[in-house]
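**Student:** Pasting a structure below so you can have a look.
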Amino acid sequence: MFRLLLVLIIAAAALPLLVESTTSPCEALERRLAQAESRAAGTSPLSSLLPSPAPQPSGSGMATVAVRERYPDLPPTAACYIVYYETYYRSIVGS
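According to mature numbering (1 follows the signal peptide of the UniProt record, and there is no 0), the residues represented by the sequence shown are -19 to -1, 1 to 76, in order.
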């Protein structure tokens, strides 16, 4: 049982880093939020055919500040994981 729990924790910690191709959970959260913002902007079908500009590296500063306001008692890394999975869940559920 302990091994299964350990494997699940490691997988949950690695998933955002692998999916978003980043080295920290706050960077992964920033990328996820930037993607959600661009989808919410309502791009036209024609704009999807045009090459998009390269995303500007903004670091993880904005995500760190946002999660500190929402979860002030948690370390920023843990809070970034929580908010990443919250946004992931909301994208699946659609709310």
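Think of the CB as a built atom: it goes at the ideal place given N, C-alpha and C, for glycine as much as any other residue.
What you are looking at is a predicted structure, and each value in this text was computed from that prediction instead of being measured.
1. If Y57 and R51 are in contact, beta carbons under 8 Å, what's the gap, nearest whole angstrom?
2. Where does Y70 land, buried or exposed, given buried means 16+ other C-beta within 10 angstroms?
3. In this structure, does DSSP put S19 in helix, strand or coil?
4. Suppose the cutoff is 6 Å on Cβ atoms and the five residues either side in sequence are ignored; what does the same chain contact list for T3 look like?
5. Are L(-14) and T68 close, meaning C-beta to C-beta below 9 Å?
**Tutor:** If we stick to the structure as given:
1. Within the sequence shown, the letter at position 76 stands for residue 57. Within the sequence shown, the letter at position 70 stands for residue 51. According to the sequence provided, residue 57 is Pro. The question's Tyr does not apply to it. Actually they do not touch by this definition, with Cβ atoms about 11 Å apart.
2. Here residue 70 corresponds to residue number 89 of the sequence shown, with the count starting at 1. With fewer than 16 other Cβ atoms within 10 Å, it is exposed.
3. Locating residue 19 in the sequence shown gives position 38, counting from the first residue. Of the three classes helix, strand and coil, the one that applies to S19 here is helix, per DSSP.
4. Within the sequence shown, residue 3 is the residue found at index 22, counting from 1. If we look at T3 and ignore the five residues flanking it on each side, its Cβ neighbours are A9.
5. What you label residue -14 is simply residue 6 of the sequence shown in a count that begins at 1. What you label residue 68 is simply residue 87 of the sequence shown in a count that begins at 1. Not closer than 9 Å, so no.
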